[in-house]
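Participant: What the sequence shown shows, in my numbering, is residues 833 to 955, in sequence order.
Glycine is no exception: its CB is placed at the ideal position from the N, C-alpha and C atoms.
After the structure tokens below, expect a handful of questions from me.
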Amino acid sequence: MGGIGVLNIMLVSVTDRTREIGTRKAIGASDGAILSQFVLEAITLAGLGGLIGATIGVGLILLTKLLIPLLGASGFLSSFSPVLSAPPVVVAFTISLAIGLVAGGYPAWRAAQLNPIEALRYE
Numbered sequence: 833m834g835g836i837g838v839l840n841i842m843l844v845s846v847t848d849r850t851r852e853i854g855t856r857k858a859i860g861a862s863d864g865a866i867l868s869q870f871v872l873e874a875i876t877l878a879g880l881g882g883l884i885g886a887t888i889g890v891g892l893i894l895l896t897k898l899l900i901p902l903l904g905a906s907g908f909l910s911s912f913s914p915v916l917s918a919p920p921v922v923v924a925f926t927i928s929l930a931i932g933l934v935a936g937g938y939p940a941w942r943a944a945q946l947n948p949i950e951a952l953r954y955e
């Protein structure tokens, strides 16, 4: 789901900034510079989403650890104890960055391939 969101946002961003891309290319920006700008934006966007998701997940685990003893749970919940460890959080965050890289690749490539003259004509 996150990949589709990042892809959509980046495609809209490329479309909205077509004139800016054309100006940058007209004054000498390389395809690689344009490509790296949009890939970095996509990775940043996905990384922020991953950070927010990891923070919410860690918060829910800590809240659950606090609430189970307070509720005086019996039966199933009495033996339930959520465990928080760093590797799953790091893996989840790394996957969100990878999703940003993959989902942002096509819009970044599309931006880098724009013809500067056509991009400057775009309204």
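Are Leu867 and Ala935 closer than 8 angstroms when you measure CB to CB?
Facilitator: Their beta carbons are not under 8 angstroms apart, which means Leu867 does not touch Ala935 by this criterion.
Participant: Which residue from Leu952, Pro939, Asn947 puts its Cα closest to that of Ala874?
Facilitator: Comparing Cα positions, the closest option is Pro939.
Participant: Just how far apart, CA to CA, sit Asn947 and Ala878?
Facilitator: Between Asn947 and Ala878, the C-alpha separation is close to 28 angstroms.
Participant: Relative to the C-alpha of Tyr954, which candidate in Ile853, Gly834, Leu843, Gly837 has its C-alpha closest?
Facilitator: For the residues Ile853, Gly834, Leu843, Gly837, the minimum Cα distance to Tyr954 belongs to Ile853.
Participant: Any chance you could list the alpha helix (DSSP H) runs of at least 4 consecutive residues sitting entirely within the region 891–945, in chain order?
Facilitator: The qualifying runs are 918–944.
Participant: Return the CA-CA distance between Phe912 and Leu933, expressed in angstroms with no decimal places.
Facilitator: Their backbone Cα atoms lie some 37 angstroms apart in a straight line.
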